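A.B. asks: The following block contains the structure, expressed as structure tokens.
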Amino acid sequence: MDERKSAAPEAFLKPYNPPDREPGILALWEKSGYANPDVMIEKGLTAKDAEAFSIVLPPPNVTGTLHMGHAAMLAIEDILIRYHRMKGFRALWLPGTDSAAIATQSKVEGEIYKAEKKTRHDLGREELLRRIDIFTDESKATIINQTKKMGSSLDWSRYAYTMDEKRYEAVMEAFVRMYDAGLIYRGDRIVNWDPKLQTTVSDEEIEYVEQKDPFYHFQYGPFVIGTVRPETKFGDKYVVMHPDDERYKKFTHGQKIELEWINGPITATVIKDESVDMSFGSGAMTITPAHDLNDFEIAKRHGLDIERVIDDRGILLPIAGEFAGQHIKKARSAIVEKLQSKGLVVKVDEGYTHNVATNSRGGGMIEPQIKRQWWLGVDREFTIEHSELQNIPSGSKTTLKKILRSVIESKEIQIMPERFEKIYFHWVDNLRDWCLSRQLWFGHRIPAWFKGDEVKVQKNSPGEGWEQDPDTLDTWFSSGLWTFSTLGWPEKTADLETYHPTSVLETGYDILFFWVIRMIEMSVSMTGQIPFRHVYLHGLVRDGQGRKMSKSLGNIIDPLTMIDKYGADAARLSLIIGAQMGNDVKLSEDRVRGYKHFANKLWNITRFILENTQGVSMKDGFDEHNEHDDALRTERRQLFADVDKLITEFRLDLAADKLYHYVWDRFAAEIIEDSKKVFKEGSEEEKTRRQQFLLHTLQWILKGLHPFMPFVTEAIWQELPEKESDLLMVAKWPV
RNA sequence: GCACCCUUAGCUCAGUUGGUUAGAGCGUUCGAUUCACAUUCGAAAGGUCGAAGGUUCGAAUCCUUCAGGGUGCACCA
6 MDERKSAAPE
16 AFLKPYNPPD
26 REPGILALWE
36 KSGYANPDVM
46 IEKGLTAKDA
56 EAFSIVLPPP
66 NVTGTLHMGH
76 AAMLAIEDIL
86 IRYHRMKGFR
96 ALWLPGTDSA
106 AIATQSKVEG
116 EIYKAEKKTR
126 HDLGREELLR
136 RIDIFTDESK
146 ATIINQTKKM
156 GSSLDWSRYA
166 YTMDEKRYEA
176 VMEAFVRMYD
186 AGLIYRGDRI
196 VNWDPKLQTT
206 VSDEEIEYVE
216 QKDPFYHFQY
226 GPFVIGTVRP
236 ETKFGDKYVV
246 MHPDDERYKK
256 FTHGQKIELE
266 WINGPITATV
276 IKDESVDMSF
286 GSGAMTITPA
296 HDLNDFEIAK
306 RHGLDIERVI
316 DDRGILLPIA
326 GEFAGQHIKK
336 ARSAIVEKLQ
346 SKGLVVKVDE
356 GYTHNVATNS
366 RGGGMIEPQI
376 KRQWWLGVDR
386 EFTIEHSELQ
396 NIPSGSKTTL
406 KKILRSVIES
416 KEIQIMPERF
426 EKIYFHWVDN
436 LRDWCLSRQL
446 WFGHRIPAWF
456 KGDEVKVQKN
466 SPGEGWEQDP
476 DTLDTWFSSG
486 LWTFSTLGWP
496 EKTADLETYH
506 PTSVLETGYD
516 ILFFWVIRMI
526 EMSVSMTGQI
536 PFRHVYLHGL
546 VRDGQGRKMS
556 KSLGNIIDPL
566 TMIDKYGADA
576 ARLSLIIGAQ
586 MGNDVKLSED
596 RVRGYKHFAN
606 KLWNITRFIL
616 ENTQGVSMKD
626 GFDEHNEHDD
636 ALRTERRQLF
646 ADVDKLITEF
656 RLDLAADKLY
666 HYVWDRFAAE
676 IIEDSKKVFK
686 EGSEEEKTRR
696 QQFLLHTLQW
706 ILKGLHPFMP
716 FVTEAIWQEL
726 PEKESDLLMV
736 AKWPV
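Using our numbering, you'd call the opening residue of the first sequence number 6 and step up by one each time.
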């Protein structure tokens, strides 16, 4: 049927069709076990004493599905790993999944409620955890399979899950050690309370949402005070103003004033404090220390009474008098009405815009409360027993904040792009103690034991009569240990010795502060080592118009659909080329389609070369030591030198772009075109020389492109009659 | 309010120590194609490099101010 003189392998007679090839290639890689660096050494493909290059995969949620952000992360990390593996490094890319406590528990609770109309309290702790386990077991297969489809050469033999036995052990060990070192303490402080999920939330997880509310001005004795939250005002018996405020000169600090308030006459005390902004409103304010961080701090400074007004569910307490027992939402208007009837409402500004704290993890409004919780003190001095840091010697006294500054200032950890350093320092300087405990059931249970007033922090029960703290740890606590808990810590394993500190942490800039900071705190205080040498921050993947992808906009591009339609290679390239680190990527389907064409181009280049080199074997040295086509070879060498440099500088976008253009515009459009003439009119010697050049260069190209588009290059490699290794994945990077 | 980023062809973006005539992909228009290429090739059109000022022999690039877009953080009684 085919009339062409082709004797090239059958495979190349049809266009490259990714779905026909990708599953087979995946199976080949998986069977080889080459993603495991130990296998590489066993087979003699990597030297025993080779330098290590390691990346720990930022673990996706067990219950999640793959989205474009994950796809970008996987593409970038896989490129780095494949490149270093081919370069002869002991390359380890360690996979895992995250339990994502809050998100997972509320998801499962929601489903149970929908199906059975039962809450977690109906089920009980044990049953809920059992259900969550079933759910996570089922759904983790999804994310793992999707991850594999991207071509990720992860070492699955080292797979870790934040809730598996070893990681649980590491979390317990870390908590106890940090407590013993004095870093973790228990204390009554104001927390971000989520009345909906009935748990505390860390500062980082709070999202401020703009909201319009009426702003009330009330008469408070001789003062006018403003508020958007009349329902908190019952406990307000302190009125605070700036000491320099001329308007209130005649009032003295500590002065008592009798005045009429919501539920009758009260005695108010004047407090002078410099934190008051004189230019805001009347310059006088009342405070609610139990439900506001700033008010709490003022109260602590002056030793004032702190009384709760609202309970954990948002219900007013007896202090509210006739309003007690009402939910704050409903009580607000009734309270305003009452004040109105007493003639205490001076004026109401409608449409006052302010920011309201919400729980970004699917919760509701945040209601600050005072609670006894476990905290990680960022300014607490402790003795670091073992340290490998430049500026912090073993046995010295330091604080977590000092560590956080030191490792970046000394460049032991390099943040890329560099501009994020500024943001990092700003964040570190404003860092407050981290509230570790969560009133959730799913998570690592805090290893603290109570008996009456006694508290013991240790892994196992101290004995009869001791009860374990019912709370669990913030999910980021276990995430903070990730670089070393996955390598076997607290045991002194060979993996830990070889692969820690890891080479690169690659993640989205949006979680720099959730995660990166915590990893540094944990790693340095527990192992004395930095967790990673480079932090590579990728941008967010947006739609073609630069909008965030969201369900409501209907502009989500699903990576799996893209893989099915255009192949994983095209999906990878579309996320790499044009995606400078730290900048957002605009992705449109057209772009993905464009790179599918490129895979096909490569396919046809191969076909041409194989057709024109029938029966010709690659001559060692002939290509390298031939003075005639020197310009072509110099160009090729230069290309790889450039690509090498770009990859070491983490400019994967430019490296891929360079290869792309060489292959298409130079190699295919010019060199191959020219070869047609050579094969038609050239002398035998010229032909031979050109055949050798094409055969060799094809292999260079396949190697160069392999980290970026592993499938098509491996598929072609499998069809080559002559090659140095069974799999391109482990071929040697050209030097 | 403070900070950071972006603004270059119709669209998406390169252009990293300042150095010829500012580039690519997609799109558009015209043409070629018995050729490795359904997914090919060639060519053309398309730019006051956000604005203004400054430094310099020379500025898309460095500095200042401003405008528009985006993001983070803080405040909000």
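Ideal Cβ placement from N, Cα and C applies to all residues, glycine included. It should be emphasised that the depicted structure is a prediction, and the values quoted were computed from it without experimental measurement.
What residue range is occupied by the uninterrupted alpha helix (DSSP H) comprising Trp-432?
C.D. replies: Mapped onto the first sequence, residue 432 falls at position 427. Residues 425-434.
A.B. asks: Here's the rule I'm using: 16 or more other beta-carbon atoms within 10 Å means buried, otherwise exposed. How should Asn-435 be labelled?
C.D. replies: Here residue 435 corresponds to residue number 430 of the first sequence, with the count starting at 1. With fewer than 16 other Cβ atoms within 10 Å, it is exposed.
A.B. asks: If you pair each beta-carbon of the region 486-501 with each one of the region 447-465, do three or more pairs fall below 8 Å?
C.D. replies: No, the region 486-501 is not in contact with the region 447-465.
A.B. asks: In angstroms with no decimal places, state the Cα-to-Cα distance between Phe-220 and Asp-595.
C.D. replies: Residue mapping note: residue 220 aligns to position 215 of the first sequence, counting from 1. Residue mapping note: residue 595 aligns to position 590 of the first sequence, counting from 1. Looking at the two C-alpha atoms, the distance is approximately 50 Å.
A.B. asks: Express the C-alpha separation of Val-229 and Asp-241 in angstroms, rounding to a whole number.
C.D. replies: Position 236 of the first sequence, counting from 1, holds the residue named residue 241. Position 224 of the first sequence, counting from 1, holds the residue named residue 229. About 13 Å.
A.B. asks: Is the region 132-145 in contact with the region 74-88, if contact means three or more CB pairs nearer than 8 Å?
C.D. replies: The region 132-145 vs the region 74-88: no contact.
A.B. asks: Quick one, which of Val-648, Asp-658, Ser-680 has its alpha-carbon nearest Lys-708's?
C.D. replies: The residue you call residue 708 lines up with position 703 of the first sequence. The option with the nearest alpha carbon to Lys-708 is Val-648.
A.B. asks: Compute the Euclidean distance between the alpha carbons of Trp-494 and Ala-175, then round it to the nearest angstrom.
C.D. replies: As a working mapping, residue 494 is identified with position 489 in the first sequence. As a working mapping, residue 175 is identified with position 170 in the first sequence. If I take the Cα positions, the gap works out to 6 Å.
A.B. asks: Tell me whether Pro-270 sits in a helix, a strand or coil according to DSSP, three-state version.
C.D. replies: Along the first sequence, read from residue 1 onward, the residue named residue 270 stands at position 265. Strand.
A.B. asks: Who are the Cβ neighbours of Met-6 in its own chain at under 8 Å, not counting the five residues just before and after it?
C.D. replies: To locate residue 6, count along the first sequence from 1; it is residue 1. The predicted model places Met-6 with a pLDDT of 34, which falls under 50 and marks its position as unreliable, so this point remains unresolved.
A.B. asks: For Lys-277 and Glu-302, what's the separation of their Cα atoms in angstroms?
C.D. replies: As a working mapping, residue 277 is identified with position 272 in the first sequence. As a working mapping, residue 302 is identified with position 297 in the first sequence. Cα to Cα, Lys-277 sits roughly 13 Å from Glu-302.
A.B. asks: Just how far apart, CA to CA, sit Asp-169 and Phe-425?
C.D. replies: On the first sequence, residue 169 is found 164 positions in, with the first residue counted as 1. On the first sequence, residue 425 is found 420 positions in, with the first residue counted as 1. Those two C-alpha atoms are separated by around 33 Å.
A.B. asks: Alpha carbon to alpha carbon, how far is Tyr-213 from Lys-122? Give it in angstroms, no decimals.
C.D. replies: In the first sequence, residue 122 corresponds to position 117, counting from 1. In the first sequence, residue 213 corresponds to position 208, counting from 1. Between Lys-122 and Tyr-213, the C-alpha separation is close to 32 Å.
A.B. asks: To the nearest angstrom, how far is it from the Cα of Phe-716 to the Cα of Ile-30?
C.D. replies: Position 711 of the first sequence, counting from 1, holds the residue named residue 716. Position 25 of the first sequence, counting from 1, holds the residue named residue 30. When rounded, the distance between both Cα atoms is 7 Å.
A.B. asks: Which same chain residues end up closer than 8 Å to Pro-323 when comparing Cβ atoms and leaving out the 5 residues on each side of it in sequence?
C.D. replies: Walking along the first sequence from the start, residue 323 turns up at place 318. Hits under 8 Å: Ala-329.
A.B. asks: Please report the straight-line C-alpha distance between Ala-76 and Pro-564, rounded to a whole angstrom.
C.D. replies: Here residue 76 corresponds to residue number 71 of the first sequence, with the count starting at 1. Here residue 564 corresponds to residue number 559 of the first sequence, with the count starting at 1. Those two C-alpha atoms are separated by around 7 Å.
A.B. asks: Go ahead and pull the three-state DSSP assignment for Phe-537.
C.D. replies: As a first step, residue 537 is located in the first sequence; it is residue number 532 there, counting from the start. Correct three-state label for Phe-537: strand.
A.B. asks: Measuring only the C-alpha atoms, how far is Lys-427 from Met-527?
C.D. replies: As a first step, residue 427 is located in the first sequence; it is residue number 422 there, counting from the start. As a first step, residue 527 is located in the first sequence; it is residue number 522 there, counting from the start. For Lys-427 and Met-527, the distance between alpha carbons rounds to 22 Å.
A.B. asks: Taking the C-alpha atoms as reference points, what is the distance between Arg-337 and Val-353?
C.D. replies: As a working note, residue 337 is residue 332 in the first sequence. As a working note, residue 353 is residue 348 in the first sequence. Using only the alpha carbons, I get a separation of about 14 Å.
A.B. asks: Hey, quick one: how far does the beta strand (DSSP E) through Ser-59 stretch, first residue to last?
C.D. replies: Position 54 of the first sequence holds residue 59. From DSSP, the beta strand (DSSP E) with Ser-59 extends over 57-61.
A.B. asks: In the DSSP assignment, find the unbroken alpha helix (DSSP H) run with Leu-33 in it and report its ends.
C.D. replies: For the purposes of this step, residue 33 is taken as the residue at position 28 of the first sequence. Segment 23-37, the alpha helix (DSSP H) holding Leu-33.
A.B. asks: Just grab the DSSP bridge partners of Asn-364 for me.
C.D. replies: As a working note, residue 364 is residue 359 in the first sequence. Asn-364 pairs with Ile-211.
A.B. asks: Look at Gln-534 and Glu-393 and say whether their C-beta atoms are less than 7 Å apart.
C.D. replies: The count along the first sequence starts at 1 and reaches residue 534 at position 529. The count along the first sequence starts at 1 and reaches residue 393 at position 388. Cβ atoms of Gln-534 and Glu-393: closer than 7 Å.
A.B. asks: Rounded to the nearest angstrom, what separates Ile-397 and Ile-408 at their Cα positions?
C.D. replies: Looking up residue 397 in the first sequence gives position 392. Looking up residue 408 in the first sequence gives position 403. Between Ile-397 and Ile-408, the C-alpha separation is close to 8 Å.
A.B. asks: Which residue from Thr-388, Arg-182, Phe-489 puts its Cα closest to that of Ile-60?
C.D. replies: Position 55 of the first sequence holds residue 60. Of the listed residues, the one whose Cα sits closest to Ile-60 is Phe-489.
A.B. asks: Let me check one thing: in DSSP terms, what residues is Phe-387 bridge-paired to?
C.D. replies: On the first sequence, position 382 is the one that residue 387 refers to. Paired residue(s): Thr-403.
A.B. asks: Under 8 Å by Cβ, that's how I've got Leu-651 and Leu-644 pegged, so tell me the actual separation to the nearest angstrom.
C.D. replies: Taking the first sequence and counting its residues from 1, one reaches residue 651 at position 646. Taking the first sequence and counting its residues from 1, one reaches residue 644 at position 639. Actually they do not touch by this definition, with Cβ atoms about 11 Å apart.
A.B. asks: Output the boundary residues of the alpha helix (DSSP H) element that contains Trp-481.
C.D. replies: Residue numbering aside, residue 481 sits at position 476 when the first sequence is read from its first letter. Residues 480-485.
A.B. asks: So what's Ser-111 in DSSP terms, helix, strand or just coil?
C.D. replies: Locating residue 111 in the first sequence gives position 106, counting from the first residue. Correct three-state label for Ser-111: helix.
A.B. asks: Between which two residues does the beta strand (DSSP E) containing Leu-99 stretch?
C.D. replies: Stepping through the first sequence from its first residue, residue 99 is reached at position 94. 95-99 is the span of the beta strand (DSSP E), which, as asked, contains Leu-99.
A.B. asks: Using DSSP bridges, identify the partner residues of Leu-264.
C.D. replies: The count along the first sequence starts at 1 and reaches residue 264 at position 259. Ile-271.
A.B. asks: Quick check: the region 56-72 against the region 569-579, are at least 3 beta-carbon pairs closer than 8 Å?
C.D. replies: Cβ pair count under 8 Å is below three, so no.
A.B. asks: For Tyr-166, write down the residues that DSSP places opposite it in a beta bridge.
C.D. replies: To locate residue 166, count along the first sequence from 1; it is residue 161. In DSSP, Tyr-166 forms a bridge with Thr-102.
A.B. asks: Check each candidate in Thr-507, Ile-610, Trp-481 and name the one with the smallest Cα separation from Leu-492.
C.D. replies: Indexing the first sequence from 1 puts residue 492 at position 487. Of Thr-507, Ile-610, Trp-481, the residue nearest in Cα terms is Thr-507.
A.B. asks: Around the C-beta of Val-460, are 16 or more other C-beta atoms found within 10 angstroms, so that it is buried, or is it exposed?
C.D. replies: The sequence position of residue 460 within the first sequence is 455, counting from 1. It is exposed - the Cβ of Val-460 has fewer than 16 other Cβ atoms within 10 Å.
A.B. asks: For the candidate residues Lys-153, Asp-160, Arg-125, whose alpha-carbon lies nearest to that of Tyr-39?
C.D. replies: Taking the first sequence and counting its residues from 1, the one referred to as residue 39 is at position 34. Among Lys-153, Asp-160, Arg-125, the Cα nearest to that of Tyr-39 belongs to Asp-160.
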